[in-house]
Amino acid sequence: MLDHRTVLRGDEWLAGLPDLISAYREAHSAARPEDLLSTVAVGCAWTLASAYPLTEVLDQPHGLDAPLQAYARARHETALTLLDRLDEAEQAVRDGLL
Numbered sequence: 384m385l386d387h388r389t390v391l392r393g394d395e396w397l398a399g400l401p402d403l404i405s406a407y408r409e410a411h412s413a414a415r416p417e418d419l420l421s422t423v424a425v426g427c428a429w430t431l432a433s434a435y436p437l438t439e440v441l442d443q444p445h446g447l448d449a450p451l452q453a454y455a456r457a458r459h460e461t462a463l464t465l466l467d468r469l470d471e472a473e474q475a476v477r478d479g480l481l
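Set out below in structure tokens:
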């Protein structure tokens, strides 16, 4: 849901968060609400902290072809979108916890 293939397509990811969180909580009743509330921030941090595909350049300096560059840009743009919309996303998660 917080993948670049969904976040960059439009606002559907944000609108779908309450249903996703609600379904996850139904399937995993032991999940703590405070942990679920942090999913957007953790997803953003994971996207920012992941070194792939940048590590490919270190292993193969000429290995960063156009598709890999596009993937890297999309991941970066996704992280920025998540940061920009963090308050909205956290509210959507709260709505799913109700």
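All letters in the sequence shown, in the order written, are residues 384 to 481 by our numbering.
Backbone N, C-alpha and C define an ideal beta-carbon position, used for all residues, glycine too.
- Considering only Ser421, Arg477, Thr430, the residue with the shortest C-alpha distance to leucine 463 is Thr430.
- Around the beta carbon of histidine 387, 16 or more other beta carbons sit within 10 angstroms, so the residue counts as buried.
- Contact between alanine 475 and proline 401 holds: CB atoms are separated by about 5 Å, below the 8 Å threshold.
- Bounds of the alpha helix (DSSP H) holding serine 405 are 395-410.
- A straight-line Cα-Cα distance of about 27 Å links alanine 434 and leucine 403.
- Taking the C-beta atoms as reference points, proline 436 is found nearer than 7 Å to alanine 455.
- Note on geometry: alpha-carbon atoms of threonine 461 and alanine 398 lie some 16 Å from one another.
- Valine 440 and leucine 469 have their C-alpha atoms spaced approximately 31 Å apart.
- Exclusion of the five residues before and after serine 405 leaves Gly479 as the residues of its chain whose Cβ lies within less than 6 Å of its Cβ.
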